[in-house]
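*Asks:*
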Amino acid sequence: MYCLRFLLIPLLCALIFTSNTSQPAQAADLETALSGLAEKSFKARLKAVDDIAATQDERAAEVLDALVKRQLFITKADGHIVLPDPAQEGSYLFAFNGETAGDFSKSALKRVKINNRMRSAVRKALGTLTLGSADRNRRLAAARSIFNTRDSSALELLDGAIAKETDSRVKREMERARAAALLASDAEESDKLAAIDVIAPKANQDALALLTQVVSNDSGAVAERAERAIAEMQSALALWATAQNVVYGISLGSVLLLAAIGLAITFGVMGVINMAHGEMVMIGAYVTFVVQDVIRTSMPDLFDWSLLIALPLAFGVTALIGIAMERGIIRFLYGRPLETLLATWGVSLILQQAVRSIFGPNNRLVGNPSWMSGSLELGQLTLTYNRICIIAFTLVVFAALFVAMRKTSFGLQMRAVVQNRQMSAAMGIRTKWVDALTFGLGSGIAGLAGVAISQIDNVGPNLGQSYIIDSFMVVVFGGVGNLWGTLVGAMTLGVANKFLEPYSGAVLAKILVLVFIILFIQKRPKGLFALKGRGAEA
Amino acid sequence: MSDLPSSVLYLDGITVSFDGFKALNNLSLYIEPGEMRAIIGPNGAGKTTMMDVITGKTKPDSGEVFFDGAVDLAKLDEADIAQLGIGRKFQKPTVFENQTVADNLQLALSGVRGVLETFLWSASARDKTRIDELLEIIRLTHLRDRMANSLSHGQKQWLEIGMLLAQNPKVLLVDEPVAGMTDSETVETARLLREIAENHSVIVVEHDMSFVRDLDVKVTVLAEGSVLAEGSLDSVSADERVIESYLGR
Amino acid sequence: MITGMLLRSLDKGSYWFLGLLGLIALLVPALHLLLPPESALHVPGYAVALMGKYLCYGLLALSVDLVWGYCGILSLGHGAFFALGGYAMGMYLMRQIGDRGVYANPELPDFMVFLNWSELPWYWYGFDSFGFALAMVVLAPGILAFVFGWLAFRSRVTGVYLSIITQALTYALMLAFFRNEMGFGGNNGLTDFKDILGFSLQSDTTRTVLFSASAVAVGLGYVLCRLITRSRAGMVLAAIRDAESRTRFLGYRVEHYKLMVFVVSACLAGIAGALYVPQVGIINPGEFAPANSIEIVIAVAVGGRGTLIGAVLGAVLISYAKTWFTGELPEFWLFALGGLFVAVTLFLPKGIAGFLIARWQGFKDRKSAPGTATVANEGPAQ
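Top line first, the protein sequences correspond to chains G, Z and C. The first sequence runs 1 to 538 under full-length UniProt numbering. The second sequence runs 1 to 249 under full-length UniProt numbering. The third sequence runs 1 to 382 under full-length UniProt numbering.
See below:
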């Protein structure tokens, strides 16, 4: 491969540079070409950039890269072009061969200046230079870069690269780049039409920009075809945008679901409005913080496991607080939902202040484990791994809860109590225990939600406050006592929010959703999935 | 429809379903002016739902409900229907616990219902005599200024019947008036209802057979949301299907 | 007829309460204006403003008690009506600044100049006039309450559902008022007021007049609430509170009654907000925060709901406690408030006033024959 390149490149270059008179006639060696950068006039230095590219030297790409990054220097003493040694601070390498040039102080060096025209020339040159790289990703990047710069001079280089490219994805990108370059040149109409057909199938903003330029530069059949392609592309892009909104919406919806589901349980089973629910989420997030803090100081190797360790702890801590609340306060207030609301609000204030007193009023940093960073690209969709993890985690929690409600005896007892409290008590179900455990379960799930939310939101004492109203809206919208309702409610609100945002901005979207729910409640006072019949009256 | 004018309540082909379960299934019932009717039936037969339909609490999925031959009750809500002259007593006695016995009756007293009217209202001499009369009828004169929540169960039932009378409705719907009453209270209540029936149409839903016998009126048997049999208590209790629906399952 | 209704609705406690209000309405200004600052009895200016603020909260609490204590509607969004009244007054005060602002623009308030707006938005028209502003103080909250209540009560949204959507209402309004585009000063709200009706807001006299006006407003609000709750309409409200569907079967249009009391209450809250703004000198979207609305509800619970007087006392007490704690022990204020929420709901469900009334009743009952006297209408059902 390597030798092949050495054979081919001079040939290719000869082809390119004979066909294009604006370029120097023959390739010079890198050292000579570099010396042009020391010239005073920008024009001469601009030419130097072209010369460097024309050498097709394997170091040319690196040097040009250093140039745009403003990391290329001239030694004041003898006018050598050097660049910093990445291995050792203060030490420099000769640009033309990469060998050590010695240590220089800042004052002994002069930076090679670059202006915008040079910058675009470099970018163009880099595109062509890296097409032959052995690294697949660099070739891909080069193809994309040519696609964006539409450098018609790279045409022949591309032809050669395409011919020997074995990777089908890279090849496709190169073909698209070639089509773009061709459209920028003064090629035959039929070639241009074919080029549009190459570009048209893959819709993205860059392709759209390219075609728009074609429409303004060309006329006749080419412009027409380009216009048609633009129309198709725009509808494809709209589809992608919709898909992206749906995915973002589902992501937001799963956070809402996670926060709301515990609330749905306590509200559904016991008719209790737990205003401290948001604080349970907040405490779950703080448990994650504490776990990570301990791990950081005593066993840093375990950091990637921190969330898995935090989950059971958060569940346990919040469930215990929940049970304590139920036993200590709420059980005295059954049948007085409005008073329960006030008392739990009081608890929420106490918990907030307690956390503020212990951890301070500022946000605390909770890190993402390494396996949660990065993102996944699907066509035009970008999904960060932490969002994907939260969606997956939500579904797991939901499914587990669903199974627990349907298949376990505790779930059965819980459903029995929802339907008819007196009857359940008469049948020997210990309703008090069911109440306490239900409350513990609801709070525990809020704690789990806190662990998840710590990954995407600021962890501070007011964390809970920002989720409580949204969670209530989900429960009210979805209907009480029905897990499906909560699921559908959360997803609908999440997606609706994301669809409104581009038109109205985030805040207005939120307001609109709130207003929508207020109006929706008028139509269906008991939510989407309401119980009907006699049971609903209780 | 020819018998419409003569019926104070006309239910035809009423169906109500909750999540697929048919609480009322093609139910038809006619009540004549001044008639007293007892409705019996096993649990879940649709007795309470029927009352809900008449009083506007539940809208029928299909069928017609007419009052006084001309008024379509399915189009009205509870307050409208109550103002038309249909009064209802609930299965569980519901009186206004934090108000006095006299105030409970005063709230029920026919006449002003609008917001502004009630704001400007003050009791006339006639209202006061009417309340005294009612207190006599329900035998709660001595408890006139007591809070309703201090009354016994039976007294609450009577107070609620008194409130019905104060409304002076054309039709009274009475749901299990003697549930939880002592025997002597039951006898008293039967007497009270017969007295009322002299100048009102009354529908009584009841489980207590001896009470129904005491009333001595036409009986309708409901089962699974429709009318199973109609006639005197003796004739319906001899009916095979009635016996089956009560004992068979 | 009106005197008859007044006589019918006021009892001995009412006269004491109104007398007390009248006394402080006269006494506080007198102690502030007439005594020299070095006198022990002199009331300093900041204290007058502070007490005026407490009275505004008292009026707000009164409005909450009217709907919650007498009709069972637990509104967690009354702060919204308070804030709307406050904004209406704030807009008038903003217009009064004229060209004395930082940018000295005679046409536009400072924040609009800052946002590069070229002309006054239409909804600011008319606020140059005090009369128009006063009308809006009542109308803005009143209309919002009417629309919201009409929608909610007609479709029978009750109990905790209603509480939650009232909370959502004030939350949505808070978000909206935070936006600069709304034209109400965004984050910073309206402030830097200069004068009201030509009198400087900094002067001692204006301050005392505002204080007395607040006391009078609380008194008038109280009388209005008594008139409503002591009429037959008040009996219907209590009936709705205790057994809503029964009331409906008696032929009362429950939604009309709820709507009436909700709108009246919202208007009272708006007036409270309008009196509050010139005394504290600022109105910003923070007033819409759901926490504020809940705080006033707990003030009513502490004082004793369904007692009116108790609500006012509760609000004054809680506000005073807040001032004291934030000055002395800021860390503990939320602990104290939270603890109070829990303690009152658990141990004093009828609040301080309800507790005292029950004690007094027990005392009277022991003295006279048992079971004759009752406190009709006082204290809701549990």
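All residues carry an ideal CB built from backbone N, CA and C; glycine is no exception.
Could you tell me whether the region 95 to 105 of chain G touches the region 78 to 87 of chain G, where touching means 3 or more Cβ pairs closer than 8 Å?
*Replies:* Yes: at least three Cβ pairs fall under 8 Å.
*Asks:* Does the beta carbon of T242 of chain G come closer than 9 Å to any beta carbon on chain C?
*Replies:* No, because no Cβ of chain C sits closer than 9 Å to the Cβ of T242 of chain G.
*Asks:* Which of the three DSSP states is assigned to R37 of chain Z in this structure?
*Replies:* Reduced to three states, the DSSP call for R37 of chain Z is strand.
*Asks:* Tell me, please, whether the region 106 to 116 of chain C touches the region 214 to 227 of chain C by the rule of three or more beta-carbon pairs shorter than 8 Å.
*Replies:* Short answer: they don't touch.
*Asks:* Among residues of its own chain, excluding the 5 on either side of R100 of chain C, which ones have a beta-carbon nearer than 7 Å to its beta-carbon?
*Replies:* Only K194 meet the Cβ criterion.
*Asks:* Apart from the five residues on each side of it in sequence, which residues of its chain come closer than 7 Å, Cβ to Cβ, to Q83 of chain Z?
*Replies:* Cβ neighbours of Q83 of chain Z beyond the five flanking positions: R113.
*Asks:* When DSSP builds the beta bridges, which residues end up paired with T384 of chain G?
*Replies:* Per DSSP, G:S375.
*Asks:* Going along the region 332 to 347 of chain G in order, which residues come within less than 7 Å of chain C, judged by CB to CB distance?
*Replies:* Those would be F332, L333, R336, P337, L338, E339, L341, L342, A343, W345, G346, V347, in chain order.
*Asks:* Are L500 of chain G and L512 of chain G touching if we call contact CB-CB under 9 Å?
*Replies:* Contact: yes.
*Asks:* The alpha helix (DSSP H) spanning D204 of chain C covers which residue range?
*Replies:* That run of the alpha helix (DSSP H) goes 204 to 230.
*Asks:* Which two residues bound the contiguous alpha helix (DSSP H) that contains L140 of chain Z?
*Replies:* Here L140 of chain Z belongs to no alpha helix (DSSP H), and DSSP marks it neither H nor E.
*Asks:* Taking C-beta pairs closer than 7 Å, name the residues in chain C that V281 of chain G reaches, listed in chain order.
*Replies:* None at all; the shortest Cβ gap to chain C is about 17 Å.
*Asks:* Would DSSP call L519 of chain G helix, strand or coil?
*Replies:* Three-state DSSP puts L519 of chain G in a helix.
*Asks:* In whole angstroms, give me the CA-to-CA distance for P461 of chain G and M50 of chain Z.
*Replies:* Going from the Cα of P461 of chain G to the Cα of M50 of chain Z covers about 54 Å.
*Asks:* Relative to the alpha-carbon of G198 of chain C, which residue among C:A140, C:G98, C:N187 has its alpha-carbon at the smallest distance?
*Replies:* G198 of chain C has its Cα closest to that of C:G98, out of C:A140, C:G98, C:N187.
*Asks:* Could one say the Cβ of P349 of chain C lies closer than 9 Å to chain G's Cβ atoms, at least one of them?
*Replies:* Chain G contact via Cβ: present.
*Asks:* Should A48 of chain G be listed as close to the ligand COA, given that the test is whether its C-beta is under 8 Å from any heavy atom?
*Replies:* Among the components of this structure there are no ligands whatsoever, and the ligand COA is therefore not found.
*Asks:* Taking beta-carbon pairs under 7 Å, can you tell me which members of the region 242 to 254 of chain C lie near chain G?
*Replies:* So nothing in the stretch comes that close.
*Asks:* On the DSSP bridge list, what partners appear for G505 of chain G?
*Replies:* Bridge partners of G505 of chain G: none, in fact.
*Asks:* So, at 7 Å on beta carbons, what are the nonlocal neighbours of R8 of chain C in its own chain, with the 5 sequence-adjacent residues on each side left out?
*Replies:* Around R8 of chain C: R230.
*Asks:* So which residues of chain G does I97 of chain C contact, with C-beta pairs closer than 7 Å?
*Replies:* The contacting residues do not exist; I97 of chain C stays about 28 Å from chain G at best.
*Asks:* Please report whether the beta-carbon of Y257 of chain C lies at a distance below 9 Å from any beta-carbon of chain Z.
*Replies:* For Y257 of chain C, the answer is yes, since a Cβ of chain Z falls inside 9 Å of its Cβ.
*Asks:* At what residues does the alpha helix (DSSP H) containing E78 of chain Z begin and finish?
*Replies:* Note, E78 of chain Z: alpha helix (DSSP H), 78 to 84.
*Asks:* Please classify I358 of chain G as buried or exposed, where buried requires at least 16 other C-beta atoms within 10 Å of its C-beta.
*Replies:* Answer is exposed; the Cβ neighbour count stays below 16.
*Asks:* Beta-carbon within less than 8 Å of R95 of chain C's beta-carbon, same chain only, minus the 5 sequence neighbours each way: which residues are those?
*Replies:* Excluding sequence neighbours, R95 of chain C sits near P109, W124, F127, D128.
*Asks:* Who pairs with S133 of chain G in a beta bridge, going by DSSP?
*Replies:* In the DSSP output, where bridge partners are listed per residue, S133 of chain G has none listed.
*Asks:* Spell out whether any CB of chain Z is found under 9 Å from the CB atom of L31 of chain C.
*Replies:* Taking Cβ atoms only, chain Z never reaches closer than 9 Å to L31 of chain C, which makes this a no.
*Asks:* Let me see if you follow: with CB-CB separation under 9 Å, is I294 of chain C close to chain G or not?
*Replies:* Yes, because at least one Cβ of chain G sits closer than 9 Å to the Cβ of I294 of chain C.
*Asks:* Shortest alpha-carbon distance to S28 of chain Z belongs to which of Z:N43, Z:M36, Z:D19, Z:S7?
*Replies:* Ranking the options by Cα distance to S28 of chain Z, first place goes to Z:S7.
*Asks:* Kindly say whether S443 of chain G, judged by its beta-carbon, lies nearer than 9 Å to any beta-carbon of chain C.
*Replies:* It does not: the Cβ of S443 of chain G has no partner Cβ on chain C nearer than 9 Å.
*Asks:* Is there contact here, the region 135 to 142 of chain Z with the region 70 to 83 of chain Z, by at least three beta-carbon pairs under 8 Å?
*Replies:* Cβ pair count under 8 Å is below three, so no.
*Asks:* Can you give, in chain order, each stretch of the alpha helix (DSSP H) that sits fully within the region 423 to 469 of chain G and has at least 4 residues?
*Replies:* The qualifying runs are 431 to 453.
*Asks:* Taking the alpha carbon of N168 of chain Z as the point to measure from, which residue in Z:I243, Z:V95, Z:L109 has its own alpha carbon closest?
*Replies:* The shortest C-alpha separation from N168 of chain Z is found at Z:L109.
*Asks:* For the beta strand (DSSP E) holding E64 of chain Z, just list the boundary residues, first then last.
*Replies:* It spans 62 to 67 - the beta strand (DSSP E) in which E64 of chain Z sits, taken as one unbroken run.
*Asks:* So within the region 50 to 131 of chain G, which uninterrupted beta strand (DSSP E) runs reach at least 3 residues, ignoring any that extend past its ends?
*Replies:* Fully enclosed beta strand (DSSP E) runs of 3 or longer: 73 to 75, 81 to 84, 91 to 94, 100 to 103, 109 to 111.
*Asks:* Exposed or buried, V294 of chain G, counting other C-beta atoms within 10 Å across all chains shown (16 or more means buried)?
*Replies:* With fewer than 16 other Cβ atoms within 10 Å, it is exposed.
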